[in-house]
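Engineer: One structure, pasted below without further comment.
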Amino acid sequence: MKHVILGAGPAGVIAAETIRKHAPADEIVIVGDEPEAPYSRMAIPYLLMGRVGEPGTYLRQDPQHYEKLRIGLRRARAKELDTDKRTVALDDGSQLGFDTLLIATGSSPIRPPIRGIDLPGVHPCWTLEDARAIMRLAGKGARVLQMGAGFIGCIIMEALAERGVQLTVVEMGDRMVPRMMGPTAGGMIRDWCEAKGVTVHTGTRVEAIETEAPLRVRLSNGSHVAADLVISATGVKPAIGFLENSGVTCLLGVLTDEHMQTNVAGIYAAGDCAEAFDVATGKTIVSAIQPNAADQAHVAALNMVGRRARLKGVTQINVLDTLGLISTSFGDWQGVPGGDHVELTDRVANRHLSLQFKGDRMVGCNSVGWTEHVGVMRGLVEGEVRLGPWKDKLLADPTQLMEAYLARAQAQDAHAHLPRR
Ligand SMILES: Cc1cc2nc3c(=O)[nH]c(=O)nc-3n(C[C@H](O)[C@H](O)[C@H](O)COP(=O)(O)OP(=O)(O)OC[C@H]3O[C@@H](n4cnc5c(N)ncnc54)[C@H](O)[C@@H]3O)c2cc1C
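Per the working numbering, the very first residue in the sequence shown carries number 1; after that it's consecutive.
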């Protein structure tokens with residue numbers, strides 16, 4: 001059997017290793033379009049902070065790792081997929097045949113349609129190449145303007161702050177991390193960042209980058225900001241353009257079933273590019289975080305070698321450290337129609353808790369500064385724990401999370417192990 005994997009990120013590498021474990025004699029080829037050894041984008045902030053060098057971002061430290069596992073690494077870009085002939089056309093002019101195929105091409109940054117976005121000194125922060133450019137320009141005291149304060153934007157911000165730059169953040173949404181946090185939590189994160197010396201403009205767009213060296217950035221609130229570096233962190237989209245007209249069904253990402261298989265037998269997808277079926281909610285979701293890439297790659301690879309495996313669910317969890325303030329977002333943090341909600345905020349102590357319920361289950365939550373209960377919040381949401389009378393107790397006092405968890409999650413686990421009559 002020949003297994004071809006498109007994309008040499010965490011999803012591609014984990015899938016290749018899983019295939020090798022279960023199919024010692026099969027041929028495995030990873031096709032990746034970046035020049036470096038397979039690396040983790042998650043490690044880029046640590047590179048920017050100077051905590052690791054480039055080799056520290058590599059997914060596997062042994063340079064012979066892939067050779068030892070007989071995993072072929074091919075540097076090329078997939079241009080077209082022919083599902084009838086079962087071949088992939090590469091940008092070096094060759095065709096690669098396969099028995100099974102994994103699409104693990106990740107996502108790529110969205111380029112906002114802004115005049116001046118191509119000027120030197122304007123960069124996304126997505127690849128090692130981007131990181132090198134950023135490190136050249138973001139020396140101590142440099143003026144940096146970052147567009148976007150989403151999950152990844154906040155992670156980058158943390159790394160930039162540690163480099164000692166003068167930072168201005170411009171977010172189009174009415175608050176920071178708008179797709180992860182409600183208004184109170186987003187507002188608290190903003191206040192925290194401003195207290196740490198970051199200038200934050202929310203509800204504001206970058207309208208144009210008018211000149212270079214220094215870059216002169218025009219904002220929708222009428223002001224101008226001078227910058228040595230502009231970072232564009234305005235979101236990502238699945239890198240699946242090459243699948244157009246291939247017959248593989250794509251919505252926002254490549255649509256997969258619970259086995260990570262696409263609508264074409266033998267063709268799978270995993271990671272940031274996949275729109276995976278979440279058994280828990282019955283919905284398909286693109287959730288571009290690394291734990292999902294790893295889980296999905298594992299499930300896809302097992303199916304590619306004929307072992308039936310199902311994805312348990314798509315994790316919808318984000319834990320964010322914004323300049324030392326820890327915030328979390330789990331499940332349906334915005335709530336569900338007809339659901340119940342309770343919120344508790346202590347602005348002085350920088351603590352906030354927002355819990356969402358459907359029936360007697362907690363379906364989502366947001367927290368700021370509430371580190372001691374992160375595991376419990378995850379357990380209640382992911383475990384779909386029936387709270388019974390504890391729901392009303394939590395509505396009256398949301399700080400009773402641990403007590404509710406101990407009383408109900410453990411009872412549920414105990415029942416799960418009782419023999420059925
Ligand atoms: C700065 C930063 C910080 C992050 N921090 C976190 C974090 O704290 N926690 C977290 O969970 N996630 C984090 N992420 C997100 C995480 O990195 C991604 O979820 C993860 O990389 C997804 O893995 P993947 O293998 O699906 O895709 P990728 O890592 O994007 O790998 C896909 C690979 O495929 C290549 N490719 C694309 N198109 C083609 C093609 N046509 N042919 C061949 N190759 C192709 C790409 O160039 C890339 O090398 C962060 C991301 C960034 C940028």
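Note that beta-carbon positions come from the ideal geometry of N, C-alpha and C, so glycine has one too.
Roughly how far, in whole angstroms, is the beta-carbon of V236 from the beta-carbon of S108, given that I think they are within contact range, below 8 Å?
Structural biologist: The pair is a contact, with the Cβ atoms about 6 Å apart (cut-off 8 Å).
Engineer: How about L6: is its Cβ closer than 8 Å to a heavy atom in ligand 1?
Structural biologist: Answer for L6: yes, Cβ within range of ligand 1.
Engineer: For A23, which of D360, E129, V305 has the nearest alpha-carbon?
Structural biologist: Of the listed residues, the one whose Cα sits closest to A23 is V305.
Engineer: Can you tell which of R361, V13, V198, W370 has its C-alpha closest to the C-alpha of G141?
Structural biologist: The shortest Cα separation from G141 among R361, V13, V198, W370 belongs to V198.
Engineer: Report the rounded CA-to-CA distance for F151 versus P124, giving the unit in angstroms.
Structural biologist: Cα-Cα distance, rounded: 14 Å.
Engineer: Could you tell me if H224 is buried or exposed, where buried requires 16 or more neighbouring beta carbons within 10 angstroms of its beta carbon?
Structural biologist: Per the 10 Å Cβ criterion, exposed.
Engineer: Going by alpha carbons, who is nearest to G12 out of Y268, V368, F357, G369?
Structural biologist: When each option's Cα is compared against that of G12, the closest is Y268.
Engineer: On the DSSP bridge list, what partners appear for P124?
Structural biologist: Answer by DSSP bridge pairing, in chain order: S232.
Engineer: Would you check if the region 83-94 and the region 203-218 touch, i.e. whether three or more CB-CB distances between them fall below 8 Å?
Structural biologist: The region 203-218 vs the region 83-94: no contact.
Engineer: How far does the alpha helix (DSSP H) with C154 in it reach, from first residue to last?
Structural biologist: 151-162 is the span of the alpha helix (DSSP H), which, as asked, contains C154.
Engineer: Quick one: using the 10 Å Cβ neighbour count with 16 as the cut-off for buried, is E17 buried or exposed?
Structural biologist: That one is buried.
Engineer: Fully enclosed by the region 46-111, which beta strand (DSSP E) runs are 3 residues long or longer?
Structural biologist: Counting only runs of 3 or more, we get 71-75, 78-82, 87-90, 95-97, 100-103, 107-109.
Engineer: State the DSSP-derived secondary structure class of V4, mapped to helix, strand or coil.
Structural biologist: Correct three-state label for V4: strand.
Engineer: In the DSSP assignment, the beta strand (DSSP E) including N292 goes from what residue to what residue?
Structural biologist: Not the beta strand (DSSP E): N292 falls in the alpha helix (DSSP H), residues 290-304.
Engineer: Distance, Cα to Cα, H417 vs E384?
Structural biologist: Below a pLDDT of 50, predicted positions are generally treated as unreliable, and H417, at 44, falls in that range; no measurement from the model is reported.
Engineer: Let me check understanding here. Comparing Cα to Cα, which of T234, G106, L320 lies closest to V424?
Structural biologist: One cannot answer for residue 424 here, as it falls past the ends of the chain, which runs 1 to 421.
Engineer: Going by C-alpha to C-alpha distance, which of E382, Q400, P389, H352 sits closest to A185?
Structural biologist: That would be H352, whose Cα lies nearest to the Cα of A185.
Engineer: Relative to ligand 1, is the shortest distance from any of its heavy atoms to the C-beta of N292 smaller than 8 Å?
Structural biologist: The answer is yes for N292.
Engineer: For M402, does the count of other Cβ atoms within 10 angstroms reach 16, so buried, or fall short, so exposed?
Structural biologist: M402 is exposed by the Cβ-count criterion.
Engineer: Is V144 helix, strand or coil by DSSP?
Structural biologist: If DSSP states are grouped into helix, strand and coil, V144 belongs with the strands.
Engineer: May I ask you to verify whether the region 246-253 touches the region 262-278, counting CB pairs closer than 8 Å and requiring at least 3?
Structural biologist: Yes, they touch.
Engineer: Residues bridged to E343 by DSSP?
Structural biologist: According to DSSP, E343 bridges with S354.
Engineer: If the criterion is Cβ atoms closer than 9 Å, does the pair S329 and V342 meet it?
Structural biologist: No, these two residues do not count as a Cβ contact at 9 Å.
Engineer: Since R320 is in the beta strand (DSSP E), which residue starts that stretch and which ends it?
Structural biologist: The residue asked about is misnamed: residue 320 is Leu in this sequence, not Arg. Taken as a continuous stretch (DSSP letters only), the beta strand (DSSP E) holding L320 covers 317-322.
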